[in-house]
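Its first residue numbered 101, the sequence shown is counted upward by one per residue in the working numbering.
Notes follow the structure.
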Amino acid sequence: MICGYFDDEAQTVISVQVTGHYGTLQVILTVDTGFDSDICLPVSTAVSLGLPLGGYRFVQLADGSINKELYFRGQCQIGNLPSRDVNVYITELEDGLIGAGMFQNMRLEINYGRQTVSLVPSQIGIE
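This is how it looks when you write it as structure tokens:
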């Protein structure tokens with residue numbers, strides 16, 4: 101089980117390692133289940149990692165507008181799970197996001213009463 105936590109602003113966050121051409125960084129990402137891709141990093145973090153351009157995709161934002169967004173390629177590891185290839189989107193905000201794309205074959209549990217966040221690999225037939 102991988103444990104996240106509630107930060108000082110009561111947002112659910114998970115720590116991950118992201119790797120690009122220039123190295124690996126440990127980053128804290130805000131859980132965003134409405135974000136259907138993998139991760140979104142601040143510009144400065146993505147630049148320091150040397151992530152190669154992957155392409156572009158049309159994305160629908162929360163307000164319903166559709167934007168053409170560039171994405172980059174990297175590796176991401178959550179806890180002791182195997183590292184995997186990910187699409188990395190860029191934000192001008194200070195905080196990065198981890199989206200539903202990273203939770204495939206996982207069970208994400210957020211307990212607001214206990215202020216706990218856990219991520220557990222799912223096993224087919226065992227829930």
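Where is the CB? At the ideal position from N, CA and C, for every residue including glycine.
Values in this document were obtained by computation on a predicted structure and should not be read as measured data.
Measuring straight from C-alpha to C-alpha, what distance separates residue i and residue j?
i, j, result
"Ile-166", "Leu-219", "30 Å"
"Leu-129", "Thr-119", "14 Å"
"Met-206", "Phe-158", "26 Å"
"Gly-196", "Val-188", "10 Å"
"Val-113", "Asn-211", "13 Å"
Are residue i and residue j closer than 9 Å when you measure CB to CB?
i, j, result
"Leu-141", "Val-127", "yes"
"Gln-204", "Gln-117", "no"
"Asp-138", "Ile-190", "no"
Count the other C-beta atoms from every protein chain shown that fall within 10 angstroms of the C-beta of residue i, then say buried if there are 16 or more, exposed otherwise.
i, result
"Ala-162", "exposed"
"Gly-174", "buried"
"Tyr-156", "exposed"
Could you spell out where the alpha helix (DSSP H) holding residue i opens and where it closes?
i, result
"Ser-144", "143-149"
Could you give the first and the last residue of the continuous beta strand (DSSP E) run that contains residue i?
i, result
"Gln-160", "153-160"
"Glu-109", "Premise fails: Glu-109 is in no beta strand (DSSP E) and is neither H nor E."
"Ser-218", "216-221"
"Leu-129", "123-132"
Would you say the region 107-124 touches the region 137-154, given that touching needs at least three Cβ pairs under 8 Å? yes
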